[in-house]
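Working notes, beginning with the structure itself.
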Amino acid sequence: MGNIESTQPACSSKFFPQKRFSVSQPSLPPDALWPGTDVGAWRLLGRAGCGTYGAVYRAARSGSEPLEHVALKLSLYPGDERFEREAELLSRVHHPAVPRLRERGEWVGGPGIKPYPYLVMDWVEGVSLYHWARSTRPTTRQLFRVLAQLGHALQATHDAGCLHRDVKGDNVLVGPDGRLTLVDFGCGTYPGASPLTEGPLAPGTRPYRSPQALRHQRSYWRHVTPYEAYPADDVYAMGVTAYRMVTGVYPPLSIEKAVRPTPHQLNPHVRPELSVLIERMLSESPRKRGSAGGLAYALEAAAVNAGPEADVPFVVTEQVRTQYALSPTHRGVPSRWRELARLSPGVAAVAAYVMLYFFTMRGTHHPAWMLPGGPGPEDARMTGMADTAIDASTLLSFSQWTRRTLAPLPVVAYDMPSKPLKGQKRPPCTRRGETEINGGCWVLLALELPCKDGGYEWKGRCYMPMGADERPDSSRYP
0 MGNIESTQPA CSSKFFPQKR FSVSQPSLPP DALWPGTDVG AWRLLGRAGC GTYGAVYRAA
60 RSGSEPLEHV ALKLSLYPGD ERFEREAELL SRVHHPAVPR LRERGEWVGG PGIKPYPYLV
120 MDWVEGVSLY HWARSTRPTT RQLFRVLAQL GHALQATHDA GCLHRDVKGD NVLVGPDGRL
180 TLVDFGCGTY PGASPLTEGP LAPGTRPYRS PQALRHQRSY WRHVTPYEAY PADDVYAMGV
240 TAYRMVTGVY PPLSIEKAVR PTPHQLNPHV RPELSVLIER MLSESPRKRG SAGGLAYALE
300 AAAVNAGPEA DVPFVVTEQV RTQYALSPTH RGVPSRWREL ARLSPGVAAV AAYVMLYFFT
360 MRGTHHPAWM LPGGPGPEDA RMTGMADTAI DASTLLSFSQ WTRRTLAPLP VVAYDMPSKP
420 LKGQKRPPCT RRGETEINGG CWVLLALELP CKDGGYEWKG RCYMPMGADE RPDSSRYP
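For what it's worth, numbering that gives the first Met the number 0 labels the leading residue of the sequence shown as 0, then goes sequentially.
As structure tokens, then:
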């Protein structure tokens with residue numbers, strides 16, 4: 000697996016890559032093993048990333064020379080059935096854009112007496128698709144080719160009788176040479192596989208759910224049968240991935256009855272031919288979406304036939320995101336948020352934080368850790384706000400404080416910055432509910448994806464930055 004540090008969920012910080020040991024450390028959790036630890040026949044060289052269910056290490060076979068690096072994915076939970084499922088899927092799918100499974104096994108050196116399953120796969124250099132698109136500013140022609148690779152990887156998965164069921168930019172790696180790899184098959188399924196969870200939907204990420212899946216979830220109480228996913232669900236998720244990559248925002252959920260701007264309408268830098276293909280992936284009708292392989296060939300043809308304008312570096316600007324959030328056609332955002340957003344980005348961001356706090360404390364939303372696939376309760380705490388009423392004058396005062404301590408926040412979600420924002424509080428993050436992320440202090444919002452109204456998305460959750468100065472005392476204001 001590649002360098003996925005921009006997408007990995009929080010794991011233990013007890014990891015010191017500069018130290019090496021030749022023996023296992025039984026007392027350490029599976030996400031904090033020392034370099035030099037032996038897991039089966041493999042010696043760990045360093046941790047590459049961590050997800051909700053597993054930690055990924057760079058490893059090599061013990062005693063082998065020269066070292067051939069592999070990716071060793073170790074479960075965070077003993078006996079996790081997802082690893083057996085992922086191993087079965089990888090053994091069935093054979094494609095250059097899907098990691099090759101080398102070995103599966105169990106590690107018995109962790110806490111407790113039960114073994115922790117692990118998988119050994121080919122090592123893949125790369126960053127997440129979203130990070131690649133932001134950092135390299137690819138051309139439209141490159142976007143065509145990368146998305147075509149994703150389509151071929153999905154078609155190979157479907158041809159093997161399997162489904163991925165969690166297609167998103169965080170589960171797609173792009174290497175320095177532009178080669179794509181589809182990873183994390185732990186939520187996938189195949190004929191005869193037992194269900195991973197009880198309930199209407201299998202594990203996955205809500206903004207990438209197809210309209211059919213979301214409608215099934217809404218009407219689950221009437222029929223109480225699990226949703227049966229199809230290849231068209233993976234194709235829809237591919238469309239959401241492409242939409243977000245070229246616009247910087249998620250398309251509105253189909254059940255919100257929102258008007259969805261086309262990618263080209265939202266961002267003029269998106270070539271019309273790319274916009275049309277993305278809209279096809281997002282079709283309401285599964286049949287109109289077509290197969291992943293058919294889309295791959297269409298994307299490859301577009302890359303070949305595009306003119307010189309397709310070789311201009313692609314860009315997603317902050318203006319595009321802000322325009323989307325303020326647009327009256329974006330009815331997926333409740334009117335109360337749009338009214339606040341018209342004040343100013345600073346007021347909107349802080350007001351969103353205040354309102355979200357009261358909504359979550361009143362039970363309007365489930366805590367983030369209670370949602371499927373969420374982190375544990377220790378990651379779901381919130382910093383309390385003053386227990387006084389918040390009116391317009393208070394919001395203006397908060398806005399003045401925000402401008403003094405933080406750079407203006409976006410109206411819609413941004414990905415987590417790689418370093419602290421200007422004026423953001425630095426560690427130690429000692430207040431209740433604060434979490435250290437990339438050198439800054441953040442507060443988890445109990446909110447489902449997509450993050451809206453100033454939230455920053457990180458590892459599948461929404462966060463707000465904490466200012467360096469003390470929080471203003473709202474009791475001073477009427």
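Using N, Cα and C, we set each Cβ at its ideal position, and we do this for glycine too.
For K481, the three-state DSSP class (helix, strand or coil): Outside the displayed range of the chain (0 to 477) lies residue 481, so it cannot be described from this structure.
Output yes or no for whether 7 Å exceeds the beta carbon distance between G45 and R60. Position 46 of the sequence shown holds residue 45. Position 61 of the sequence shown holds residue 60. Against a cut-off of 7 Å, the Cβ pair of R60 and G45 comes out as no contact.
When burial is assigned at 16 or more other CB atoms within 10 Å of the CB, is P190 buried or exposed? As a first step, residue 190 must be located in the sequence shown, where it is residue number 191. When all chains shown are included, P190 counts as exposed.
Exposed or buried, what is S253 when buried is set at 16 or more other beta-carbons lying within 10 Å of its beta-carbon? One-based indexing of the sequence shown puts residue 253 at position 254. It is buried - the Cβ of S253 has at least 16 other Cβ atoms within 10 Å.
Alpha carbons only, please: which of H151, G198, W457 and R103 is nearest the one belonging to A70? Counted from its first residue, the sequence shown places residue 70 at position 71. For the options H151, G198, W457 and R103, the alpha carbon positioned closest to that of A70 is the one of R103.
Rounded Cβ spacing between V166 and M120 (contact assumed at less than 8 Å): Taking the first residue of the sequence shown as 1, we reach residue 166 at position 167. Taking the first residue of the sequence shown as 1, we reach residue 120 at position 121. The C-beta distance from V166 to M120 rounds to 18 Å, too long to meet the 8 Å contact threshold.
Run through DSSP, which three-state label would T363 get? Against the sequence shown, residue 363 aligns to sequence position 364. For T363, the predicted model reports a pLDDT of 35, less than 50, meaning its position is unreliable and no value from the coordinates is stated.
Hey, how far is the Cα of G454 from the Cα of K424? Taking the first residue of the sequence shown as 1, we reach residue 454 at position 455. Taking the first residue of the sequence shown as 1, we reach residue 424 at position 425. Rounded to whole angstroms, the separation of the alpha carbons of K424 and G454 is 16 Å.
What residue range does the beta strand (DSSP E) around I436 cover? Taking the first residue of the sequence shown as position 1, residue 436 is located at position 437. It spans E433 to I436 - the beta strand (DSSP E) in which I436 sits, taken as one unbroken run.
Under 7 Å between the Cβ atoms of Y242 and I277? For this step, residue 242 is matched to residue 243 along the sequence shown. For this step, residue 277 is matched to residue 278 along the sequence shown. Yes; because the gap between Cβ atoms is below 7 Å, this pair is in contact.
Have a look at V107, H215, E308 and P65 and flag the residue whose alpha-carbon is nearest the alpha-carbon of Y76. As a first step, residue 76 is located in the sequence shown; it is residue number 77 there, counting from the start. Check the Cα spacing between Y76 and each of V107, H215, E308 and P65: the tightest is with V107.
With DSSP run on the structure shown, which of helix, strand or coil describes R214? Stepping through the sequence shown from its first residue, residue 214 is reached at position 215. In the structure shown, R214 sits in a helix (DSSP, three-state: H, G or I).
Out of curiosity, what's the CA-to-CA distance linking R205 and R214? Here the question's residue 205 lines up with position 206 in the sequence shown. Here the question's residue 214 lines up with position 215 in the sequence shown. Our two residues, R205 and R214, have alpha carbons roughly 12 Å apart in a direct line.
Write down the C-beta distance between L149 and L181 rounded to the nearest angstrom, noting that I regard them as a contact closer than 8 Å. As a working note, residue 149 is residue 150 in the sequence shown. As a working note, residue 181 is residue 182 in the sequence shown. The C-beta distance from L149 to L181 rounds to 7 Å, short enough to fall under 8 Å.
Beta-carbon within less than 8 Å of R101's beta-carbon, same chain only, minus the 5 sequence neighbours each way: which residues are those? Here residue 101 refers to the residue found at position 102 of the sequence shown. Within the same chain, Cβ atoms closer than 8 Å to the Cβ of R101 are found at V69, V119, M120 and D121, the five residues on either side in sequence being excluded.
Please classify W457 as buried or exposed, where buried requires at least 16 neighbouring CB atoms within 10 angstroms. Locating residue 457 in the sequence shown gives position 458, where the first residue counts as 1. Burial of W457 is indicated by the presence of at least 16 other C-beta atoms within 10 angstroms of its C-beta.
Apply the 10 Å Cβ neighbour rule to I436 and answer buried if 16 or more other Cβ atoms are within range, or exposed otherwise. The residue given as residue 436 occupies position 437 in the sequence shown. Burial call: buried.
Output the residue ranges of the alpha helix (DSSP H) runs that lie fully inside the region 218-295 and measure 4 residues or longer, sorted by chain position. Entirely contained in the region 218-295, the alpha helix (DSSP H) runs reaching 4 residues are, in chain order, 219-222, 230-246, 262-265, 271-280 and 285-288.
Just how far apart, CA to CA, sit G185 and T196? Mapped onto the sequence shown, residue 185 falls at position 186. Mapped onto the sequence shown, residue 196 falls at position 197. Distance from the CA atom of G185 to the CA atom of T196, rounded to whole angstroms, is 12 Å.
Return the chain-ordered ranges of every beta strand (DSSP E) run that is complete within the region 108-161 and spans a minimum of 3 residues. Runs found: 115-121.
Helix, strand or coil, according to DSSP, for G179 in the structure here? In the sequence shown, counting from the first residue as 1, residue 179 sits at position 180. Checking the sequence shown, residue 179 turns out to be Leu, not Gly. Assignment of L179 by DSSP, reduced to helix, strand and coil, places it in the strand class.
So what's L27 in DSSP terms, helix, strand or just coil? As a working mapping, residue 27 is identified with position 28 in the sequence shown. Coil.
Secondary structure of G168, DSSP reduced to three states: Against the sequence shown, residue 168 aligns to sequence position 169. In the structure shown, G168 adopts helical secondary structure according to DSSP, grouped into three states.
Along the chain, where does the beta strand (DSSP E) that runs through E85 open and close? Within the sequence shown, residue 85 is the residue found at index 86, counting from 1. Run containing E85: none in the beta strand (DSSP E); it sits in the alpha helix (DSSP H), E80 to R91.
Under 7 Å between the Cβ atoms of A302 and R144? As a working mapping, residue 302 is identified with position 303 in the sequence shown. As a working mapping, residue 144 is identified with position 145 in the sequence shown. A contact, by the Cβ cut-off of 7 Å.
DSSP state of V311, grouped into three classes? Numbered from its first residue, the sequence shown carries residue 311 at position 312. In the structure shown, V311 falls within a coil segment according to DSSP collapsed to helix, strand and coil.
Any idea if S63 is buried or exposed, counting beta-carbon neighbours within 10 angstroms, 16 or more meaning buried? Taking the sequence shown and counting its residues from 1, one reaches residue 63 at position 64. In summary, S63 is exposed, with fewer than 16 beta-carbon neighbours lying within 10 Å of its beta-carbon over all protein chains present.
Nearest to P29 by alpha carbon, out of R81, E105, A257 and H94? Your numbering for residue 29 matches position 30 in the sequence shown. It is E105.
Note down, in chain order, each residue of its chain lying with its Cβ closer than 6 Å to the Cβ of Y352, except the 5 sequence neighbours on either side. Position 353 of the sequence shown holds residue 352. Since pLDDT at Y352 reaches only 49, below the 50 mark, its modelled position is unreliable, and the value read off the structure follows with that caveat. Within the same chain, Y352 has close Cβ partners M463.
Helix, strand or coil: which one does DSSP assign to R99? On the sequence shown, residue 99 is found 100 positions in, with the first residue counted as 1. Three-state result, R99: coil.
Using a Cβ-Cβ cutoff of less than 6 Å, which residues in the same chain neighbour G39 once the five nearest sequence positions on both sides are dropped? Looking up residue 39 in the sequence shown gives position 40. So the list reads G104, once near-sequence residues are dropped.
When you compare only the Cα positions, how much space is there between A159 and R91? Here the question's residue 159 lines up with position 160 in the sequence shown. Here the question's residue 91 lines up with position 92 in the sequence shown. Each residue's alpha carbon lies about 6 Å from the other.
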